[in-house]
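Written out below as structure tokens is the structure these notes cover.
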Amino acid sequence: AQKITQTQPGMFVQEKEAVTLDCTYDTSDQSYGLFWYKQPSSGEMIFLIYQGSYDEQNATEGRYSLNFQKARKSANLVISASQLGDSAMYFCAMRGAGGTSYGKLTFGQGTILTVHP
Amino acid sequence: DTEVTQTPKHLVMGMTNKKSLKCEQHMGHRAMYWYKQKAKKPPELMFVYSYEKLSINESVPSRFSPECPNSSLLNLHLHALQPEDSALYLCASSQTGQGPTEAFFGQGTRLTVV
């Protein structure tokens, strides 16, 4: 079974500052993928960044970076230079490799990020 | 084209109605998904189709009936729903296999059952 834990129900950050959203995971799969999605109030799930379990370098996509610590089973999202448009719900998710977990995207409970001007 | 299109955007239906949600993608993805999402909760997987065959059914009640008529289309047929089925229904697609196979989501259908 796979499990994603996001322990921060809500986070606040000042515009232009950096913020870290926490994510820990548990899986028995050797190969897996970790994802972060942003969901504005409109409802669409927007893909932000991906980290593969065998990737040695931390993933980066523009202002987003993923702090991947495999031994600690954590995959924290770092948003640099926050913007007002970053205010949204953020989900950490995992996709398994084989058996019954193949193709399943398991989500954490989400973190609501509010960016203050 | 990295778009998943869902129709309708909003749907209100009575408990005796039959309706269908539609999802379309033209990215050549061979895996397609239906998720149900309640307010301020994470999406919950309902069904996974892989190469047009149902590969995962997460014990969803039979009043929800998925259909994948071809590799670009995914439908969710609704019949005799309950008010607690009101939610945001999200469709997604992805490549199959490993690697950076992120799932692309549509904007969802907001369903209200009255």
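If you read the sequences in order, they're chains L and W.
Terminal number for the first sequence in the numbering used here: 118, no gaps in between.
Terminal number for the second sequence in the numbering used here: 432, no gaps in between.
A virtual CB, placed ideally from N, CA and C, is assigned to each residue, including glycine.
From a predicted model like this one, the values you see are computed outputs, not experimental measurements.
Supposed contact pair S411/W and M333/W - C-beta distance, whole angstroms, cut 8 Å: No, M333/W and S411/W are not in contact; Cβ-Cβ is about 30 Å, not under 8 Å.
Contact the stretch 378-391 of chain W vs the stretch 103-114 of chain L: 3+ CB pairs below 8 Å: No, the stretch 378-391 of chain W does not touch the stretch 103-114 of chain L.
Looking at the structure shown, is D27/L part of a helix, part of a strand, or coil, going by DSSP? strand
Rounded to the nearest angstrom, what separates Y26/L and P41/L at their Cα positions? 24 Å
Exposure label - Y369/W; buried when at least 16 CB within 10 Å: Exposed.
Where E18/L and A2/L are concerned, what is the direct C-alpha to C-alpha distance, given to the nearest angstrom? 36 Å
Are E16/L and V116/L closer than 7 Å when you measure CB to CB? yes
Would L372/W be called buried (16 or more neighbouring beta carbons within 10 Å of its own) or exposed? exposed
If I'm right that Y33/L touches I50/L with Cβ under 8 Å, what's the distance once you round it to whole angstroms? A Cβ-Cβ separation of about 15 Å leaves Y33/L out of contact with I50/L under the 8 Å criterion.
Assigned exposure category for L35/L - 16 Cβ within 10 Å defines buried: buried
Anything in chain W within Cβ reach of K105/L, meaning under 8 Å, just list it in chain order. Per Cβ cutoff of 8 Å: L363, V366, I374.
For a contact meaning CB atoms closer than 7 Å, what does R95/L contact in chain W? Note that residue 95/L corresponds to Met in the displayed sequence, not to Arg. Within chain W, no residue comes near M95/L; the closest Cβ sits about 12 Å away, beyond 7 Å.
Would L363/W pass as a contact of K105/L if the rule is Cβ separation under 7 Å? yes
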